[in-house]
Amino acid sequence: MCSLSLKPGDSFGEQRNQMQALAKEIAGDLAALESGQDLLGDFVTELYLTFAEESRRSSRRQKQAAGIAAAKAQGVRFGRPALPLPENFEECRRAWLDGRMSLRQAANACGMPLSTFQRAAQRGEKEDRAV
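All the letters of the sequence shown, read from the start, carry residue numbers 378 to 508 under my numbering.
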């Protein structure tokens, strides 16, 4: 029995050759059956529909990627907008950086989750260095 091992990196020619080999083998097996022609017709139809659907999906993914790239080029931001930082954030960030507060204490003083405070504080450090 021919094993079909299509991989995403295979060229169209390699995929076509594998499909042809499989089709010949199946046709030979079905010729021995009485309802072989009907089964072969159903198989070919299903195969064609599967490839058509995959082609449609691939085309859609490409159009979607192009649309996203165009939107990003125009400055569109995706995702949920960031919440504003608490008023005492900068004060707590400085206290944490100076060692006057632990990370947990600074996050609690701001009323923020630990990881959110740390991420925002690190973003602030990068902005400080850029200036």
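A virtual CB, placed ideally from N, CA and C, is assigned to each residue, including glycine.
Residue i, enclosing alpha helix (DSSP H) - first and last residue
i	result
N485	L480 to C487
L474	F466 to D475
Supposed contact pair residue j and residue i - C-beta distance, whole angstroms, cut 8 Å
i	j	result
L474	Q495	Actually they do not touch by this definition, with Cβ atoms about 11 Å apart.
P458	C487	The Cβ separation is near 19 Å, so there is no contact.
Nearest candidate by alpha-carbon position, reference residue i, set the options
i	options	result
R393	R437, L416 and L424	L424
E402	F420, S388, F389 and G390	F420
A484	T422, R477 and T493	T493
R500	F466, R434, R437 and Q482	F466
P461	A497, L491, R438 and F455	A497
G418	S432, A400 and S435	A400
(request) Tell me, please, whether the region 443-452 touches the region 414-429 by the rule of three or more beta-carbon pairs shorter than 8 Å. (result) no
(message) Below 8 Å, how does it come out for the region 463-472 and the region 434-444: are there three or more Cβ pairs, yes or no?
(response) no
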